[in-house]
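Residue numbers (the numbering used here): 7 to 339.
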């Protein structure tokens, strides 16, 4: 490995180390996300996949197997199934959120229509199941099917509590455990299962992914109020405009005075937003230290993720996974 790669961020370093497996995963995804009967499936899937993204979930699968010394090819198939599940959720989310941009590109529902996005998402979920059946690992199938259920539960819980300022930190955590950390946990656990991990190691990988996913989502929610739209690939303040109740808002609302409470009710619960409201919301978050408090919560989960890796064998990839868990709390996109 050259000096330039060694000095880059942990995610890029993992991408470099796993580049052959990631290339194989990408090829599998593009091959499997196709239909001779309905060519639009391939068009929509390729549009979303080729837009890029961090690929953290399949990276976790490949890295977990590699850290255990696995030398076969089945982890590639597991990683592809993980990414298919993730891609399906993205297509569905963009319809639910009425999004028009993802990863700096127009969303599939904007270029085609909502029905195409939903149905292609369904196809990708079905294709993931096919790959898992072909893989032949009951542990991987169990982990990823359970994650798919948790994702749906998390999304529905978020929908049922939408615009409610009664949402507390416990409910928020349940939401992100479902919609985000469940697939992180299953991705890492799946790689471990393919790599021959014992029960203690599988538990450690599941805990690592769970904690990493929570940390990742909290940082995402923080960046929505203080990130850069070019780096994020979406507009800063999208969560605010969508009236989503995320951790920074929950913390600010819990310390709000009467006037501030009226503001939050108007912009979130009623959805009546005016010019300058986003900036005022950002001011309130800073006033009450909500951003910094949320960041510290992300750091706490990152620390849990790092500690869980100690049960894995000593391997360079294990160290880079620990570095990744720290990096997600420092990222700007």
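Just so you know, even glycine gets a beta-carbon here, dropped at the ideal spot from N, CA and C.
- When DSSP reads this structure, residue 288 sits in no beta bridge, so it has no partner.
- Contact between residue 254 and residue 297 holds: CB atoms are separated by about 6 Å, below the 8 Å threshold.
- Each of 317, 200, 256 was checked against the Cα of residue 177, and the nearest Cα belongs to 256.
- The Cβ neighbour count for residue 34, taken over all protein chains shown within 10 Å, is at least 16; the residue is labelled buried.
- Contact annotation: the region 88–98 touches the region 131–142, with at least three C-beta pairs closer than 8 Å.
- Taking C-beta atoms under 8 Å as the contact rule, residue 199 and residue 149 qualify, at a distance of about 7 Å.
- In the pairwise beta carbon analysis, the region 22–40 is classified as not touching the region 163–173: fewer than three pairs are separated by under 8 Å.
- Under the DSSP assignment, residue 191 falls in the alpha helix (DSSP H) whose first and last residues are 188–200.
- Distance from the CA of residue 205 to the CA of residue 19, rounded to the nearest whole angstrom, comes to 28 Å.
- Bounds of the alpha helix (DSSP H) holding residue 64 are 62–73.
- Of all alpha-carbon atoms in 14, 51, 32, 69, the one lying nearest the alpha-carbon of residue 318 is that of 69.
- The beta carbon of residue 329 sits closer than 8 Å to the beta carbons of 16, 19 from its chain, once the five residues preceding and following it are set aside; these are given in chain order.
- In the pairwise beta carbon analysis, the region 137–152 is classified as touching the region 184–197: at least three pairs are separated by under 8 Å.
- Taking a 10 Å sphere around the C-beta of residue 45, we find fewer than 16 other C-beta atoms and assign the residue as exposed.
- If you draw a straight line from the Cα of residue 91 to the Cα of residue 154, it is about 7 Å long.
- Three or more beta-carbon pairs separated by less than 8 Å are not found between the region 169–183 and the region 286–301, which leaves the two stretches without contact.
- Annotated as distal: residue 332 and residue 73, with beta-carbon spacing of 8 Å or more.
- Bounds of any alpha helix (DSSP H) do not take in residue 172, whose DSSP letter is neither H nor E.
- Close CB contacts of residue 52 within its chain, under the 6 Å cut and outside five residues either way in sequence, are absent.
- Residues 213, 217 of the same chain have their beta carbon placed closer than 8 Å to that of residue 310, with the five preceding and five following residues left out of the count.
- Looking at the DSSP output, residue 111 bridges to 108.
- Of 146, 279, 170, 281, the smallest CA-CA separation from residue 82 is found for 146.
- In this chain, the alpha helix (DSSP H) harbouring residue 216 covers 205–232.
- The residues 230, in chain order, have a CB closer than 7 Å to that of residue 244 in the same chain once the five nearest residues on each side in sequence are set aside.
- Runs of the alpha helix (DSSP H) spanning 4 or more residues and lying entirely within the region 9–65 occur at 9–12, 16–23, 25–38, 46–55, in chain order.
- Residue 223 holds the alpha-carbon nearest to the alpha-carbon of residue 303 among 223, 61, 159, 209.
- DSSP places residue 305 in the helix class (H, G or I) of the three-state scheme.
- For residue 119, the closest of 138, 228, 50 by C-alpha to C-alpha distance is 50.
- Assignment of residue 143 by DSSP, reduced to helix, strand and coil, places it in the coil class.
- Annotation for residue 122: 46, 50, 114, 115 place their beta carbon closer than 8 Å to its own, counting only its chain and skipping 5 residues before and after.
- Apart from the 5 residues on each side of it in sequence, residue 196 sits with its Cβ closer than 7 Å to the Cβ of 67, 84, 88, 146, 149, 150 in its chain, given in chain order.
- Taken through DSSP and simplified to helix, strand or coil, residue 176 comes out as helix.
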